[in-house]
Structures are given as C-alpha cells and as structure tokens.
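There are 4 protein chains.
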Amino acid sequence: MKAFVMEEIGETGIVEKERPQPGPMDAVIEPTVGLICTSDCHTVHGAIGERDNLTLGHEAVGVVEEVGEAVEDFEPGDRVAVGAITPDWNSAAAQDGHPSQSGGALGGWKFANVKDGVFAEYAHVNDADGNLAHIPDGVSDHEAAYTADMLSTGFAAAENAEIPMGGTVAVFAQGPVGLMATKGAALQGAGEIIAVEAVEARQELAREYGADHVVDFSEGDPVEGIMDLTDGEGVDAAIEALGADGTLQDCIKVTKPGGIVSNVGYHGDGEFRRIPREEWGVGMAEIDIITDLCPGGRLRIERLLRLLENGRVDPTKMTTHEFDFAEIEEAFEMMHEKDDGIIKPLIRFD
Amino acid sequence: MKAFVMEEIGETGIVEKERPQPGPMDAVIEPTVGLICTSDCHTVHGAIGERDNLTLGHEAVGVVEEVGEAVEDFEPGDRVAVGAITPDWNSAAAQDGHPSQSGGALGGWKFANVKDGVFAEYAHVNDADGNLAHIPDGVSDHEAAYTADMLSTGFAAAENAEIPMGGTVAVFAQGPVGLMATKGAALQGAGEIIAVEAVEARQELAREYGADHVVDFSEGDPVEGIMDLTDGEGVDAAIEALGADGTLQDCIKVTKPGGIVSNVGYHGDGEFRRIPREEWGVGMAEIDIITDLCPGGRLRIERLLRLLENGRVDPTKMTTHEFDFAEIEEAFEMMHEKDDGIIKPLIRFD
Amino acid sequence: MKAFVMEEIGETGIVEKERPQPGPMDAVIEPTVGLICTSDCHTVHGAIGERDNLTLGHEAVGVVEEVGEAVEDFEPGDRVAVGAITPDWNSAAAQDGHPSQSGGALGGWKFANVKDGVFAEYAHVNDADGNLAHIPDGVSDHEAAYTADMLSTGFAAAENAEIPMGGTVAVFAQGPVGLMATKGAALQGAGEIIAVEAVEARQELAREYGADHVVDFSEGDPVEGIMDLTDGEGVDAAIEALGADGTLQDCIKVTKPGGIVSNVGYHGDGEFRRIPREEWGVGMAEIDIITDLCPGGRLRIERLLRLLENGRVDPTKMTTHEFDFAEIEEAFEMMHEKDDGIIKPLIRFD
Amino acid sequence: MKAFVMEEIGETGIVEKERPQPGPMDAVIEPTVGLICTSDCHTVHGAIGERDNLTLGHEAVGVVEEVGEAVEDFEPGDRVAVGAITPDWNSAAAQDGHPSQSGGALGGWKFANVKDGVFAEYAHVNDADGNLAHIPDGVSDHEAAYTADMLSTGFAAAENAEIPMGGTVAVFAQGPVGLMATKGAALQGAGEIIAVEAVEARQELAREYGADHVVDFSEGDPVEGIMDLTDGEGVDAAIEALGADGTLQDCIKVTKPGGIVSNVGYHGDGEFRRIPREEWGVGMAEIDIITDLCPGGRLRIERLLRLLENGRVDPTKMTTHEFDFAEIEEAFEMMHEKDDGIIKPLIRFD
C-alpha cells in the first residue's frame, strides 16, 4: 500500500509499505478523508526528533477494512471516525482520568508519533471498541474528520477554561484549534468572546464562530486591547491556542484574579515558558494554568459527532483547500508555509 | 405608595403602603417592568403559609430612587436589575458557596417571602452593592427583567446538570423555567436536547430555544419516548423543571448510570418525593440528584445581562401578555389559571 | 477445583467445578485469603434473582496462577489484590468516569454476579493489567483483602461527601463499610464525625476509627441527636451506609442546606426510597444526593494498598472471626445471622 | 495605644497610635496572642513597597473590645480568632468563589497591607460577623492563633492539590506553611508524603506531621530523590511552599502527567517564574498549576478551630520561641534572620 511518510527530519514522500494487520482488539481502516495538522509539519521539521519512514497524519475518517477477533461493535464496511489520540484505556493514567497521558506524557498520542499515522491506504487502530466511533448518516466524512483533533482540542480548551455562564474569555490565535476554541467558548455559555488574531480571513471566521470582538495584535498590544474591552478588569479565562512564550504571558496578564489560563498550545521550542511574576499575583492571585492534550476515545468522538449531526457547528468553513492523496506533498508544503491563506487542507483518498 | 399584596391566603389586592427606607447598605428602587412567576401564585394559595399584606413579586427591574450612605456603586437614577434572590453575602452559607441558602434553607429568597416584594411603586433591596446590577444600554428593561429568575434558574438547571460537551439531556416541562433550561442546555454544549411538553405553543418555543426533539407526554409515556430516542441508553442528564413526584421519578428513570438529575422544580406539596429504587440502581448506579434555588447576586445578574447584550438569548419570546400595574390582579388570575395560553405576563409600571 | 456456590436461591454448598482459563488479557489467581460480605448473603437470599451454581465471593487476594498472552505486568507467583469491581476499561461508562457502571448499571460488578466469584480454589480475573495490583511486601494478605470492597466503598462514601476541611459529617450505620466511611471521613479532613450505631462493639470501633461522637439510635431519634450535637445546624454531609428507607430519610433530615448526602448503602428491597419533601427544602435547598458503587481497578487498589503500607488505617480490627475454606458455609451462616457479634469473617484458603 | 509598625522600608518600631473605631459592621479586638510571619519580614524589607507607620502583623487572636451597631453575633468580651485575610464578602470576587481576591488581586489581604495590622493593643476587624469566629472553650489562644494563616494556607495547599485518596505528594519546604501543608496532605488522605527540607529540626517536625519520607536537598537533587522514591513515576501532586523559581521548576519536574502543582509560595522577587518546557510536557501533559492566597472568613476559621478542638492537629509544636509584646522587635529580627532554629515565634500581649 502507499503511505505518505516522514523519511527523516525535513524529508517527506509517498512510499510503499506493508498493509497493517489488526491484533485481537484492533481494526484496520481505509481512510476516505484526512486533514493535515500544523503539528504534522512540526514533526517533519524535528519537533519530536528523528523518525524513520513514519507514516504521517492523525486526522482522518474511513471505512473499516478488517477487525480483530475480540472486536465486538465494529465490522468491515462500517463508516468510522477515530480520534487523533487513541488511549490505552486500562492504563493507570486513563484510570486516573487522563487517558491522553496513558503510558507516559502524551502517551495516548500514537498516530504519526510512536506508530504509523493515517495518511496511507490503510491505517491500524488500537482498541477498536474503545477508539472508533460510527459516523451517523447525516454527517459527511468531511465534517467528521474534524472530530479527530480540531473539535476535540479546541472544545477542550473552552471546557477546561471553566467559563462561567455569561463570563468573559479571550482566545489567543485563530488557527483551526483557536477557531474551535472560540466556537467552544460559545457552546460553553461565554457571554463575551474576544478573539486575538491578525489575519483578516481568520478574524472573519472567528466572528462567524462566535467572537464578539477581535483584537488585532498587529495593530497594538493585545493585552491593552483586552483590558480596554473589559474596563480594566481582565477576563474570566484566557485560552492559549498557539504555543508561544509571549502568548502564554499575555494570557496570564489578561486573566483576572480567580481566573483560568487554559493552554492547548503545543509549546515546541525553547527551554522555558515564563510566567510574569507580578501579573500572576506573586503566585497568590488564584490564576490557574490548566493544560490539555486533545481528548480521544470513542465516547468523546461520538459526542462530537452528535454536535455535528444536530448542526451545532460547521467546521468545514475552515477547509480552504482540497487535494487528492497523490498531491499530499504539495498540500503539506503549503500548510508548512501557510501559503495562499490556507487554514485547513482536506485530503481525499480517491 | 401602591403595592400589590397578598392580604391573606387566597386574597390579593392593591393597597396603600409606606414607602420603604434604605438601611446604610441598601437601596430603594422604582420598578419599571415586572414579570409574574407561577411561584407567586403558589404563595398566594398557601404554599409558604400565611402572610399579612405581603407585597408580591420577585421579578422586576427599575430605577434607583435612593441609596444608603454606605452604598458605593449605585446612585439615584441608575437603571438596575435585581435578582429574585438577594443573599446575605457574609453569611456562613454564602461563604460556603451556597448564597441562596444564607440564613437557613432558601434564606436568600427574601422578596415576597420574608419581606415585601417588587410589585409596588417602590421596593427595598438589601445590600445594593452586592445585589444590584447596572443594565447595559443595549438591553431593554423587558429583557433584563428575565434575569431575575427565569434565566438564572433555568440556566442553573443546565449548569448543574454537568452536561458533557455533545452529551444528551432531557428537560421535563417547558414552562418559562424549563424553556430557559432548554436554552441553557444549548448554551452548555448539549449535543441532543429532548424537551418534554404537551402544550403546542410551548413545544414550538422549546424548539426555538434549542430542543432537537419534543416528547409529548399526552401522547404516551415520556420515559419510553426518551429511551427510544436514545436507543435504550438514557440521557446523560435530566432536568426537573416542574416540581412533581412523577416527573422526578421519570427523570431518574431516563438518566443513564453515571448521569445527573438536576432539579429546579419547586416541590410544593405532598409529604415525600419518591425515588424508584430499581431504576436508581439500588442506590449504586451513580445517578446523582442535584438541587438548586435560583442563584442571585450582582455578579450573576451582570453575567446574565451580558448574555442578553451579546444576543445569546431572547427571553422576550416567552412574554405572551402585557398589563399595566393597575391591571395586575387580572394578570395574576390569568397566570394562576394558565388561561389563554399564557406563558409569562409582563407588568408595566408606566 | 472446589468452589463455594449459590446453588439456587437460599441454597449454598461447596461443589466441584472446572478450573477457569484466562483469555488473552486475563489472569487466573489462587486465593489465599477472602472476606465474606453481607451482600453475598443478600445474593443468596435472592436480592439479584436466581443463579445456578454461581461461585460466591468478591473479596479476596491471592497468587497469580496463570496469565493470558497479552498480559504485561503480572506473572505466575505474583502476590496480588483485585477489586470487587473489575471494570471493562474501554467501555463508554469507564471513558465517562464511571467504570463501575461499565456495560450498564452496576456492570463493573462481575464477581458472584455475572460470573463466578472468588470463593474457590481458583478465580478468573478479567483484564489483569487493568484490574490486578501487586501487594507490597509490608502488607499482609489479611490487610490487603480489605481493599477489594470495604476500604474502597467506605472511603468512596467519604470522598463523595466532599467534606470541607474541618467540616461535620454523620455516618449512618457502623458495619464494615460504615466503619471505613468513618475512617475515610477522618482521612478526608472532617472536623467532627458523628457515627450512628447501636451495637456496642461497633460503637467502640467507630471511635477507634475516628468518630468524635456516637449516636445510639436505640436510645432516641438519631436525627434529634445529631441536630443537638450541631446546635440545630445539621451536618455538612451525611453518609448512608446501610441501604434503608428510614436511614436515607434521616440523612436528608440532618444535612444542612448546601450539604451532601452520600449513599453507598445497597437498597435491597421496596419499590421506592422516599425523600422527605420539607426537610429536602422543597427541592431547592441544595441538598444533593450522591451515589456510588465500590470503585475498582488497579490504580484504586494500588492507592489503597499504599495507605495500608504506610500505616494510615488498620482494617484488620474489623476481623472478628476466622475460618478455613472448608468451614465457609458456617461462616456464611453466621454472617447472615450476624451471630456472635460478627463484623467481618476471614476465610483462609490454606 | 502602642503599635508595632513599619516606619518605612527597613525600619520598625513601637509607636503610639489612636485606638481604632469600628464602623457599623466592624469590631475592635484586643489581641492576646500573635504570631510573626515571614511575610511580615518581607513587607518590612520592601516586598509590597513603601508604607508609612503601618502596624504590622496578621496572625493574632484576642478579645472583642467594641462592635459596630450592625454586628449581630459578637459582643465585647468574646474570645475570637480572625483570619489573616478579611474579605469583602459582597464583592464580585467573593461572589465568584475567590474572596481572597476581593477588590483586586490579593485584595482580601488587608491587615498590615492596606490597613493597620494586629500587632497593637487594639486592632480593627472589618465585617465582624463575616470575619470573626468564636474560639471554643477547649482551644487555647496559642492554638487558635495558628488558624489565621498557617493552618489556613498550609491546608489550602493540600486541598488545592486534589490528592487522590492514597495518592502521592511532595511538599517543597518545611517552614510553618510547608509543615501545615504536610499535615494537610495527611488530612486529605495522601498515601505517601515526601517532604523536602534540609534543616534537621524541620525534618523531624515534618515526620511528626505525617511525612513518610524526607528528601534533603542539601544532600542531592531533590527531583532525583523524589523520582527514585516513586520508581521514576513522579507524584500525583507537588506543593510549592517557598516561593522560589527553582522550587516551582522542581515541582513541575516531579509531578506526573495528569498531576497538579499547588502553589502557596509567595514569589517575592524576579521578573518571571519559569516553567521547564519539556518536563511540562510541552504544554500538553495535563500538569496544572494552581495557586492560592490564604483563605479567610468566619466559616473557614470556625472549621479550622473545630480541627483543633477535636485534636486533629497540634500546631503549637512549631512554636519555638515566645516573647512579650514589648520584646517584639527582637522577635522580629530573629524571624528575619531565622536565628536560633526559629520556626514560629509567639507574641504574648499579656
């Protein structure tokens, strides 16, 4: 079968690989639609170190091709979604309420990290009963593909922010995760949503997804902008959806005493992230910093699919480009360079 | 001044009363718009016992007429909203996170319970800085009046239900509180909302406020209806917005193991409420029963006003009738009898 | 192998059975020490319906005899504890944070319910890596056996009660679960613990495990006793560790507005449990009713074993009688009749 | 009256001041026993900026001398405790569950910060009904003085750590707050408590208060020590009770994915606190950083007094030195220099 791989740091290509085989609890799926994530680009450029012909991709939906003998709820031909994170559900971390950390930090993240990802003609899914979800009839593959990571991570950012009903929230960066955090904040009852973004097309989408205000950091200090909008009070919660030192600092600066900084940004470089001591209330202002890795698992994906089925959110507005699997390298390069106003590129597997 | 009072059990009328005086931390407001609550009718018919010329009403907005000398944030002429519940913020219960219970069970409920209510030319508000909220320019008095009880109670029902993002919820009864619980569920990220209601106009409003399905209990057992809609699984949460033994039982019956029954219904009669033992999992199915009295206080009301200001909800759709203060007795009678398809009657204090 | 079974309702006996075989993820253990639970007696007398030669018992520790090929962390000869509840960790309920409800209400309860229990020469454990725990060297089999149910359930009662640091709690009934709820309350920072019990030996144990007061219900209304001890205020939390209608009612009556009733009692008969409407604050006093089934799983058991290892609790004080496996029927009968001041009988499998 | 003041940065002395007068809701108390806090020393040396003859001290108990006309529950002669933090209970922050932040970051901290403290012959207490607590007969003034800050802050560190029953916790620094965090962890059900400390007398006290292990940072890297003790896994929670950049970093390094870092350290200098990016799981390992300022208020103090009354903790073991009020300057200097193995000095206002 063909697979789109990271040959080594900085090098990608489509290669021929053996079709994977399912263990007793596993499944093999045939992807129909995939989405490229900026973190795939980070991976190729060395963020998690060297890899050898690792198949890329962790956002896709498809059709079940084969299941292991112990799988009960899925069979070949089923149309399924699968999370970017596929936890080991009996691990200590999962039993402790942190399935994404099963087997160690970020250990639930397997696709395109510790095993082959989904950008291939076939992909292996561990624990099919625990990690696959049936796609309802009214939901397209295109929509469903967004449940794998963008909806799950973006919404988690808003859930962890514990926004009070009618509370205020600032969402830093309106990439696909940030946009879904904005939408997530609306779906969590935020009374006022402030999106921070400089790119016009993203600003517009942010408004469509529920932002009441957009602060353009290219036109002035976003901290000042947010303090002005909140009469100097700051927000109940700030969401970091970028992964940068300055953004995390800004989040702390705009959060009121007793508020929450919810981080879903992937902090990919540098030795430290810095907390501004005074604005953090010298460690006593009850400004908490909460972090998360994309929640996965069947139940999570089923619930996100239900939101799609009942029209609560339309993530396909974020799809700016479409490609065939054969063109994936071009898509990948474009995503890496953020060319042509790209937000999210869709890959069609014939 | 004129006041609409409960003269004794079963008797109401407009009488002449002394204008109230504010204590050092208090305010006196001049109501502009009020809403009649079914619980006012319960009160008149004896639910909380005998009262002697008690002014009725706990839902109103108005203009500040006078403030005590220690009040810092309000002055005469301010347009203000006030919650139905006006807690004593330094009480043990408030310090414990339960301000509505300050000074004893339901002790935060003062208007038309332990002191004169708001259906008068002037009304007294304890702890103005803690219990009043400025109404933003973009919010009408009509809209703002809904924050006092309907939005606060209905939304609390949904908040307490801890509906998972994309989870399922059933809301029993679509009176004004139930309708706002339905809307609250949508604002809390519910993936599927099932409203239980037999009156067509209310069914329609339920759909407008976010219900995906309506189960008509006059056409069949609502438990069966809900189990069918959820493939026999039951819902993540059920909301009791009526206050009846049968409804509470139904809530327990439709809630899946590990789910929550969120009660905001005022259970006005009978010696007991009954939990069906088997469907409750013999006390071990992790089906919890959570209860609440309308949250009050300045911060709560400010946050609800923000939701109105930013267009998250339009409660005025529930206003089916309008009356002048002089006609309040007629309005009251109509609310008691639920005549003419009444949902919520508005009172204008010219 | 020999197994102690419920032949039919009302009939027990030791019979010969096939030794169980482990599936790929499972283990077979050889019990060394077991404890009889009152719920075993309920089962035999029909509480969960008819059974056909079902092996009884859900509290035991032992030595691993055999493991399936996919088991990673256990091998024959390991000394292990196992919870009374052995969840399916990839089920929807477990993913939702309710592993004891996996596969349906109380579905995590498998031993002596839907499969053979542990009172046999060999017992089968599903998902060994997820449900077994190594017993540390400093912990005896006798001590460890208490983690299966008594520690896990009793402590959960206290954890769910969300007792504030220094708060007040009443624990109704001082059987083994109630005694461990009392100890659990002490380990959760309760400032004042009131145990309700009439049997002198149990009263004494309650005091040893941390009760500050004992209310003897045979000498007067326990509600009155508790209200007196709390100056009429009631407690922050009440724990139901019996499973009776009257006890649940008393719990509600003694809990202050804003408090919690934590139920771990197994409510074994009757059509309803009744909530006293007025003392429940007509459904608006924020008195919540929380329920639980014994938490299970490797992580839970490991943590309970750590408490034993570091001397936080000595459950063996509750062991009033010891028997050989050959005498188990006698032990069982004694437990059923609560003869001879029995609290907890230990079974030694030679 | 005499008052011990900070005359300016670096200068202290006993001066003559006017006796304070209570407002309508306030009280004036006559301190009997006080405790010096290291943060008083920070204040004198400029941590919160310049002050002009500000009376120092925030830990004391005493006798009510006078109350305002609106005070209901206290009268002259009552023996009372008062928290270091005396919130404005009707403020937005308090209504939001963060009373210590009322009126702005750390705004509930009034004594020896924005108004005169308690090291004087008389001290003013705002909102007597909300902030004073009666001392039970069985509790000495000496014991009760510890509720003001040491018990409240130390225990809060443990409460915020959300230690699972039987979980593991590391407490960095065993000054009085750290010692009470250690005791708090024991009272919250920790299964294994690791104290980090280099001073022998404090190590010994840590063991008395519940530490199972002591890691001496003067003998090796404490991170290594803790990872060794936890088989490389890290702890469920780490408590920062010092307020230093390196300690906060160490807390993050020893906390397992999904764990909590609970900060109560007062971070008194430097522009930033630094989060080690990799050990923080690049912002996705679900290691949360929670912060707190000492909880105050009548209910909190009453509950802490109940723990003393029922013998749950003996904080007086930390009192290493006693002084008369006339000798307070000497005590203060000794606390600043940490001379003579001082842990906590007691001041008697005869």
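Chains as they are written, first to last, in the numbering used here: chain A, 556 to 905; chain B, 556 to 905; chain C, 556 to 905; chain D, 556 to 905.
Beta carbons: idealized from backbone N, C-alpha and C, even for Gly.
- If we count the other Cβ atoms within 10 Å of its Cβ and call it buried at 16 or more, is Pro731 (chain D) buried or exposed? buried
- Item | Continuous beta strand (DSSP E) stretch holding Leu901 (chain A): start and end | 899-903
- Message: Check this for me: beta carbons of Ile547 (chain D) and Ala740 (chain D), under 7 angstroms apart or not?
- Response: Not covered by the structure: residue 547 (chain D). The range shown for chain D is 556 to 905.
- Query: Rounded to whole angstroms, how far is the Cβ of Val769 (chain A) from the Cβ of Ala761 (chain A), which I believe are closer than 8 angstroms?
  - Reply: 6 angstroms
- Item | Rounded separation between Tyr806 (chain A) and Glu833 (chain D) - CA only | Checking the sequence shown, residue 806 (chain A) turns out to be Cys, not Tyr. So the two alpha carbons sit approximately 20 angstroms from each other.
- Taking any Cβ of chain B, which residues in the region 752-772 of chain A have a Cβ under 7 angstroms from it, in chain order? Asp767
- Return no unless some Cβ of chain C is closer than 7 angstroms to the Cβ of Pro812 (chain B). yes
- Please report the Cβ distance between Val856 (chain C) and Thr702 (chain C), rounded to the nearest whole angstrom; I am assuming they are in contact, meaning their Cβ atoms lie under 8 angstroms. One detail in the question is off: residue 856 (chain C) reads as Ile in this sequence, not Val. Correct: roughly 5 angstroms between the Cβ atoms.
- Spatial distance of Arg903 (chain D) from Val635 (chain D) (CA atoms): 15 angstroms
- Message: Does Val669 (chain B) pass the burial test, meaning 16 or more other C-beta atoms within 10 Å, or should it be called exposed?
- Response: exposed
- Within 7 angstroms (strictly less), CB to CB, does Gly852 (chain A) reach chain C? yes
- Message: Could you check whether the region 792-811 of chain B touches the region 786-795 of chain C, counting it as contact only if at least three pairs of C-beta atoms, one from each stretch, sit closer than 8 angstroms?
- Response: no
- If contact means a Cβ-Cβ distance below 9 angstroms, which residues of the region 607-618 of chain D contact chain B? none
- Item | Under 9 angstroms from the C-beta of Pro870 (chain D): neighbouring residues of chain C | Here the premise fails: no neighbours, minimum Cβ distance about 13 angstroms.
- Task: Report the rounded CA-to-CA distance for Tyr764 (chain B) versus Lys738 (chain B), giving the unit in angstroms.
- Result: 5 angstroms
- Report yes or no: is there a C-beta of chain A within less than 7 angstroms of the C-beta of Arg832 (chain B)? no
- Taking Cβ-Cβ distances shorter than 7 angstroms, what residues in chain D pair up with Gly652 (chain C)? Within 7 angstroms Cβ-Cβ: nothing; Gly652 (chain C) doesn't reach chain D, min ~13 angstroms.
- Query: Of the choices B:Met839, B:Gly801, B:Ile844, B:Arg867, whose alpha-carbon is the least far from that of Asp824 (chain B)?
  - Reply: B:Gly801
- Length of the line joining the Cα atoms of Asn608 (chain A) and Ala558 (chain A): 9 angstroms
- Task: Answer with yes or no whether the minimum CB distance from Gln576 (chain A) to chain B is below 7 angstroms.
- Result: no
- Val837 (chain B) to Ile718 (chain C), Cα distance in whole Å? 24 angstroms
- Under 7 angstroms by beta carbon: chain A residues contacting Val837 (chain D): Tyr821, His822, Gly823
- When the Cα atoms are used, what is the spatial distance from Tyr821 (chain B) to Ser655 (chain B)? 14 angstroms
- Residues near Gly733 (chain D) by beta carbon distance below 6 angstroms, same chain, minus five either side: Val726, Ala796
- Terminal residues of the continuous beta strand (DSSP E) containing Ala792 (chain B)? 790-795
- In the structure shown, what three-state DSSP assignment does Asn818 (chain B) receive? strand
- Cβ of Phe880 (chain A) within 7 angstroms of Cβ of Met720 (chain B)? no
- For Arg574 (chain B), which option in B:Glu755, B:Met556, B:Gly775 has the closest C-alpha, if you only look at C-alpha atoms? B:Met556
- Message: Applying the 10 Å Cβ sphere with the 16-neighbour rule, what's the burial state of Lys665 (chain A)?
- Response: buried
- Task: Tell me Phe666 (chain D)'s beta-bridge partners as DSSP assigns them.
- Result: D:Lys670
- Message: Taking the beta carbon of Ser817 (chain B) as the centre, do at least 16 other beta carbons fall within 10 Å, making it buried, or is it exposed?
- Response: buried
- Item | Endpoints, beta strand (DSSP E) assigned at Leu687 (chain A) | 687-689
- Task: Pull out every residue of the region 569-599 of chain C whose Cβ sits closer than 7 angstroms to any Cβ of chain A, in chain order.
- Result: Pro579
- Message: Going by DSSP, what residue range makes up the beta strand (DSSP E) through Met561 (chain D)?
- Response: 557-563
- Message: Using 7 angstroms as the threshold, is the C-beta distance between Met890 (chain C) and Ile591 (chain C) below it?
- Response: yes
- Message: Beta carbons nearer than 7 angstroms to chain C: which residues of the region 664-688 of chain A have them?
- Response: Asp682, Asp684, Gly685
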